[in-house]
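Each remark here refers to the structure printed beneath this line.
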Amino acid sequence: MAEQIVCFVIDKLIQLLITTEANLSRNARTEVGFIKDELESIRSFLKEADAKAAAADGETGNDGVKTWVNQVREAAFYIEDVIDEYLLHILRHHQRHGFLRFFHKIIRLAKKMRSKDGIASKVDSIKKLVRQIKERSERYGFKSLDQQGQSSGEKTLPWNDPRVASLFIEEAEIVGIESTRDELTLLLVEGAPRREVISTVGMGGLGKTTLAKKVYDQKKVVAHFDCYAWITVSQSYRVEDLLRTVIKKFYSSRKERFPEEIDTMDEESLISTSREYLQQKRYVVVFDDVWKVDFWGAIEHALPDNNGGRIIITTRIQDVANFCKRSCFVHVHHLQHLPQDKAWELFCRKAFQFELEGKCPEELEELSLSIVERCEGLPLAIVSIGGLLSTKAKVVSEWQKLYNSLSSELESNPHLTSLTRILSLSYHHLPYYLKLCVLYFGIFPEDYSVSCIRLVRLWIAEGFVKPKRGKTLEEVGEEYLMELIHRSLVQVSEVYNDGKARGCRVHDLLHDVLLKKGLDSSFCHVLSKDESTFKPTTRRLSIDISPSEARGSITQSHIRSVFIFNLEECPESFLNKLSGNFKLLKVLDFTDAPINQLPKYVGDLYLLTYLSLRNTKVKLLPDSIGNLLNLETLDLKQSLVYEIPAKINNLVKLRHLLAYHRDYNCDVGLFWNMEKGVKIHEGIGCLQALQKLSYVDANHGGIRLIKELGKLRQLRKLSLTNLKSEDGRAVCASIEKMNHLESLLLTAINEDEVLDLESISTPPQFIRSLGLIGRLEQLPGWISNLQHLVRLVIFWSRLRDSPLKALQNLPNLLELVLEINAYDGVQLHFEEGGFQKLRELRLREIMGLNSLIIDDGVMPLLQEFHIRPSPQLKEVPSGIHHLRNLTYLYFYDMPKEFARQMDPKNGKHYWIVEHIQNVLFRYKVGPRWGVYETHALRDSNFSLWSNA
48 MAEQIVCFVI DKLIQLLITT EANLSRNART EVGFIKDELE SIRSFLKEAD
98 AKAAAADGET GNDGVKTWVN QVREAAFYIE DVIDEYLLHI LRHHQRHGFL
148 RFFHKIIRLA KKMRSKDGIA SKVDSIKKLV RQIKERSERY GFKSLDQQGQ
198 SSGEKTLPWN DPRVASLFIE EAEIVGIEST RDELTLLLVE GAPRREVIST
248 VGMGGLGKTT LAKKVYDQKK VVAHFDCYAW ITVSQSYRVE DLLRTVIKKF
298 YSSRKERFPE EIDTMDEESL ISTSREYLQQ KRYVVVFDDV WKVDFWGAIE
348 HALPDNNGGR IIITTRIQDV ANFCKRSCFV HVHHLQHLPQ DKAWELFCRK
398 AFQFELEGKC PEELEELSLS IVERCEGLPL AIVSIGGLLS TKAKVVSEWQ
448 KLYNSLSSEL ESNPHLTSLT RILSLSYHHL PYYLKLCVLY FGIFPEDYSV
498 SCIRLVRLWI AEGFVKPKRG KTLEEVGEEY LMELIHRSLV QVSEVYNDGK
548 ARGCRVHDLL HDVLLKKGLD SSFCHVLSKD ESTFKPTTRR LSIDISPSEA
598 RGSITQSHIR SVFIFNLEEC PESFLNKLSG NFKLLKVLDF TDAPINQLPK
648 YVGDLYLLTY LSLRNTKVKL LPDSIGNLLN LETLDLKQSL VYEIPAKINN
698 LVKLRHLLAY HRDYNCDVGL FWNMEKGVKI HEGIGCLQAL QKLSYVDANH
748 GGIRLIKELG KLRQLRKLSL TNLKSEDGRA VCASIEKMNH LESLLLTAIN
798 EDEVLDLESI STPPQFIRSL GLIGRLEQLP GWISNLQHLV RLVIFWSRLR
848 DSPLKALQNL PNLLELVLEI NAYDGVQLHF EEGGFQKLRE LRLREIMGLN
898 SLIIDDGVMP LLQEFHIRPS PQLKEVPSGI HHLRNLTYLY FYDMPKEFAR
948 QMDPKNGKHY WIVEHIQNVL FRYKVGPRWG VYETHALRDS NFSLWSNA
């Protein structure tokens, strides 16, 4: 953990040297440069030191190593504090004295820097501190990366590895993998006579090794192949040794003696020997626990493509499997967590294996189910915790005690430390920048699904995401997240229609591991009843207790980020308590907090980069918001803020300005009362870094404001409300200048106002989401040219001609929404061959629609279809029968006579929908948005309900 903090501080030193060149004296610049160089040198020792500290984690270990690592970490924190305090000082002078007087003040500031209390003095003390730390590293005999030739962090750690036990599990102990075992066995012994890779991917502890061994040991597998080999790869290997082992195992499997010269062969000779030996043989080889993405490149040439050779690779890293695809046919099997019933069966086998006939006593059942739930289908967790409980008395009090203290037991109990190590291996294998990113999940509560977009913005605000040429920081951050997902550390909890991750989380037990690592390294602290005080070096604070309990814990500190969760109240006195103590804040996340005004001190947080008031009752932003010159994200979604102060135009680093309020208590029909944008003042065009701007009330500022938006050439998302017909040309002209635009929403001021969008001749080519809410004379012709369009929403357009012909050939359209009088015609015809990628279709309140024709061969991938009240539609469209991949079919507020046509018992049109797994009838309850009662076609009481 120390390595990533030092790397982070090195980056900050470089930033300091670049951004404050005019302010730092020549001597101070020289000293800062020296400190950076020394830290670079120390960093080369840190990987080994961190690895040694990790090896000793939970054991007696080398206390000297741990002490040295902690000293490095604290020194790095001190350097970061000095840098940020200096930058804060500079910004305060800038703000208080104005730009013209700023340079006169710098002369005085430079004198102070040379004083004993100034930065020059602190730089000098840092220099001495860093020298001492480097000397200690040499005393402990650490080798730098250059001296080692390879990272010591990849050496196998000396501990009892449960992966070894996975090779010797009896068949009777196997639960939940039988069908997968049989499926993979068939892939080995059947199929084309070519070389194929079967890669099993999943997080640590999921049972990849167990599954592979059970497949490998199948009698039909042994009989099918001429020779076979099992190789445990792990994180560190030499290619020559690996090839040598493979060849020896192949010889041994046929009870043949291998040539003695194998031990002295180089890599090329070993590859030739392997190829020659396997030339006329059908072989199978398992490479278990592969970590390096380019592993396949090291061994592919030793395994010839002949006679149906099969290679099994188990890995936690998706890209290991993907790499094989460059020269081989690959089956990728993502191993799933055990379902609840199988998890329960496995738990009972372990917890009650020697008594009670393997059955859970009734008094322990509720508690046992809670324990199994906590394991979330992870077999190693179930086996480890079940094994520990098998040693305990079968009484509720003992089991309750373990359940309550499970997080701390993971750290110290010898029955569970191997589980913790297995979960930690993926973390230790990460590059330093990803370690910082994954530790962030410890900030959020257990089982919390965090928005991927929010998470990436937070990483950027913290400075974790490094620029890459040709990519935005957001794109780089998304790559970081995808890498964590592909490494099986992060789970996708919610997806968009195009399969892109929308929400993510980590396994509960991994969350415990990350929380402990974050606590030990001062990365973050969750302020709770059990952990109500934190170290002075703590960088991030997550408040999950009542303000009265937290108030006493909040003292002067160097906290950089504050998050608030699950508070029922948040009094002003508590918010003000944060004021004098957290001057170096970069992130202030009040999402869902019960506050109704922004704390007065926020305008003094000059280093703030991220401010979220999402889903709060805050109504006003103070003018002092204009002081936050480093602010990158201002999230006001679902707050009550209706106007953005003009001072916002000072914030030239702002990348995301998100503000709207959606009133879910509003009558569903009054759409314009439901969506509220915010008023923005002229001058917004100077915010050249803006990537997202939504929702802007175009009626405030009118055409002049709309023209100014054309200066925002980096925009990826734009939403405008309250547009008038006369705004059309200005809107079109501005949109044409936004070459990077991906999401566009345009809403008219009322349902009769025409959206004039015809003058767009060259729309932004990368638009993926388009929403048009308002009257259209006709469907704009440029829409059919949007080759990247994924989602299209049209409301109130009153189109006289069907839009389907213009849309049916859009190559990437996945979601189409035509709602609330989008079309004034009586027939919609989905013609054969159209909408080849469409996954979701919504037709709502198309009042004149009486005929819905769906040809065979249209929408072949449609999974979800919503038909909202269309009073003229009297019969179930028979073409639904052609939609063979349809999984969900929703009918809203349709008469019961309509529903009775599909009754499984006697409905004349049941044949149309009998292939659909979920056919649901939903009826609006009350005036609130989205409140329905639901009846399912296959409910036992459906006939009774529909005939009532």
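Under my numbering, the first residue of the sequence shown is numbered 48, with each subsequent residue one higher. Ideal Cβ placement from N, Cα and C applies to all residues, glycine included.
Under the DSSP assignment, LYS397 falls outside any beta strand (DSSP E), being part of the alpha helix (DSSP H) whose first and last residues are 387-398. The three-state secondary structure of GLU690, taken from DSSP, is strand.
Three or more Cβ pairs closer than 8 Å define a contact, and the region 850-865 meets that threshold against the region 811-831. GLN400 and LEU435 have their C-alpha atoms roughly 12 Å apart. Per DSSP, the continuous alpha helix (DSSP H) segment holding ALA853 begins and ends at 851-854.
Taking a cut-off of 8 Å for Cβ pairs, the region 348-362 and the region 316-334 touch, as three or more such pairs fall below it. In the DSSP annotation of this structure, GLN282 is not part of any alpha helix (DSSP H), being labelled neither H nor E. Residue burial is scored here from C-beta neighbours: GLU755 has at least 16 other C-beta atoms within 10 angstroms and is therefore classed as buried. Assigned with DSSP and collapsed to three states, ASN451 falls in helix.
Residue nearest to ALA869 within the set PHE334, GLU887, LEU839 is LEU839 (criterion: CA-CA distance).
With fewer than 16 other beta carbons inside 10 angstroms of its own, CYS733 counts as exposed. Proximity to SER608 across ILE364, SER569, CYS375 peaks at SER569, based on C-alpha coordinates. Contact between GLU798 and TRP843 holds, since their C-beta atoms are separated by about 5 Å, short of 8 Å.
In this structure, DSSP gives HIS136 a helical state, which the three-state scheme calls helix.
In the structure shown, GLY757 falls within a coil segment according to DSSP collapsed to helix, strand and coil.
When beta bridges are read from the DSSP output, TYR979 appears opposite LYS971. For ILE959, the enclosing alpha helix (DSSP H) starts and ends at 957-960.
In the DSSP annotation of this structure, the continuous segment of the alpha helix (DSSP H) that includes ALA946 starts and ends at 943-947. Counting only runs of 3 or more residues that sit fully inside the region 287-325, no beta strand (DSSP E) segment turns up. When only Cα atoms are considered, MET785 and ASP313 end up about 57 Å apart.
Below 8 Å, enough C-beta pairs join the region 353-367 and the region 224-243 to call them touching: three or more. Short of 7 Å from the beta carbon of ILE469, and not among the five residues preceding or following it, lie these beta carbons of its own chain, in chain order: PRO209, GLY251, GLY252, LEU427. Less than 9 Å separates the beta-carbon of LYS739 from that of ARG702.
C-alpha of PRO583 to C-alpha of THR656: approximately 22 Å in a straight line. Comparing alpha-carbon positions, the option among GLN825, SER790, THR794 lying closest to SER806 turns out to be GLN825.
If you draw a straight line from the Cα of VAL537 to the Cα of GLN834, it is about 32 Å long. Three or more beta-carbon pairs separated by less than 8 Å link the region 536-556 to the region 493-500, which places the two stretches in contact.
Comparing alpha-carbon positions, the option among GLU911, LEU967, LYS175 lying closest to ALA983 turns out to be LEU967. Annotation for ARG373: no beta strand (DSSP E) segment contains it, and DSSP assigns it neither H nor E. By the C-beta density criterion, ALA440 is exposed, having fewer than 16 other C-beta atoms within 10 angstroms. For HIS929, the three-state secondary structure derived from DSSP is helix. Under the three-state reduction of DSSP, GLN538 is assigned to strand. Counting every other CB atom within 10 Å of its CB across the protein chains shown gives GLY724 a total of 16 or more, marking it as buried. A direct Cα-Cα distance of roughly 51 Å separates ILE753 from GLU423. Contact check between the region 501-512 and the region 326-337: fewer than three CB pairs, one atom from each, fall below 8 Å, which does not count as touching. The C-beta separation of ALA706 from LEU683 comes to about 4 Å, placing the pair in contact by the 8 Å criterion.
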